[in-house]
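Inspection log for the structure reproduced underneath, given as structure tokens.
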Amino acid sequence: MKITTWNVNGIRARLTHVIDFLREHQPDVLCLQETKVTDDLFPREPLEDEGYEVTFWGEKGYNGVAILAANAIEDVRRGFPDDPQGGKDVERRALAATIDGFRILDLYVVNGQEVGSDKYAHKLDWMRRLRSYLDAAFSAQDDVVVVGDFNVALDDRDVHDPAWWRGKILCSQPERDAMRNVMAFGLEDSLRRFRPEAGIYTWWHYSGGAVQKDAGLRIDYVLSSPSAAARCTDVIVHDDERLKNGPSDHVPVTAVYRER
DNA sequence: ATGCCTTCGCCTCGAAGA
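Residue numbers for the first sequence follow the numbering used here, beginning at 89 and rising by one.
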């Protein structure tokens, strides 16, 4: 059972990459972020043609999440329970579904732009609401897997130049504390069970040769509840996607789970 | 190493990303 998370930075711009990835790696579940497309324009058919069931929730130009699954997708939930009802203005950043007995939550966490900005305050508040959502609608006793672009580098091992990034957006202590508070629901950072070393990244700046220099951050995660973590046998960062032509600025991350 | 890139939209430049 392979669950992959990938911020594709535009599903329409990345469609051939995504299809190539599905054919090569055959994940059971692929959670996408930053699809940047309204639901009426989501490229459903070409993905279904690859043998996947698809659910998606997007908006024009920004945000947007989608889940592809080889098996049945059940119990889909969009957004947070405390989102404004009927919400035309609701940011489309969270999508939950039950697949193969896993309760999966696909997230595109608010970026925050700059420490101290309104968007930064919104980011911290959004992560508090995320924790409330987990408490209200999920049980840490279940096989819960929370994946996505968290826009937080959890500690300095996840940062190519910690001195430069210290206190800046993605690395500030309040952001790290907010993500730790989400994890305190009962979720572990699955990569670290297998890969404790520094220097594993999932995002690189498009400019300044950061991609070629491997000067990145780790901001994409697979978090597992205790029972799911006990079944997790490996986590793979698909670093080869970084050096392809026309890549996303993020690479996919796959967690492998043993069958019950 | 803070956009020197990229995507999207709407009206080929601006906003946003991290």
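Where is the CB? At the ideal position from N, CA and C, for every residue including glycine.
- For residue 261, the enclosing alpha helix (DSSP H) has its first and last residue at 261 to 271.
- Around the CB of residue 172, fewer than 16 other CB atoms lie within 10 Å, so the residue is classed as exposed.
- Going by beta carbons, residue 91 and residue 309 fall outside the 8 Å limit.
- Every unbroken stretch of the alpha helix (DSSP H) spanning 4 or more residues and falling wholly within the region 195 to 262 is given here in chain order: 206 to 225, 250 to 253.
- DSSP, read as helix, strand or coil, puts residue 141 in strand.
- The shortest CA-to-CA distance from residue 152 to any of 169, 195, 164, 113 is the one to 195.
- For residue 312, there is no enclosing alpha helix (DSSP H); the residue is found in the beta strand (DSSP E) stretching over 308 to 312.
- Straight across, the Cα-Cα distance linking residue 320 with residue 277 is about 11 Å.
- The Cβ-Cβ distance between residue 290 and residue 233 does not fall below 8 Å.
- For residue 96, no beta strand (DSSP E) encloses it, and the DSSP letter there is neither H nor E.
- Runs of the alpha helix (DSSP H) lying entirely within the region 108 to 136 and spanning at least 4 residues, in chain order: 132 to 136.
- Just measuring C-alpha positions, the residue of 338, 322, 342 sitting nearest residue 102 is 338.
- In the three-state reduction of the DSSP assignment, residue 339 falls in the coil class, being assigned neither a helical nor a strand state.
- In the displayed model, residue 106 falls within a helix according to three-state DSSP.
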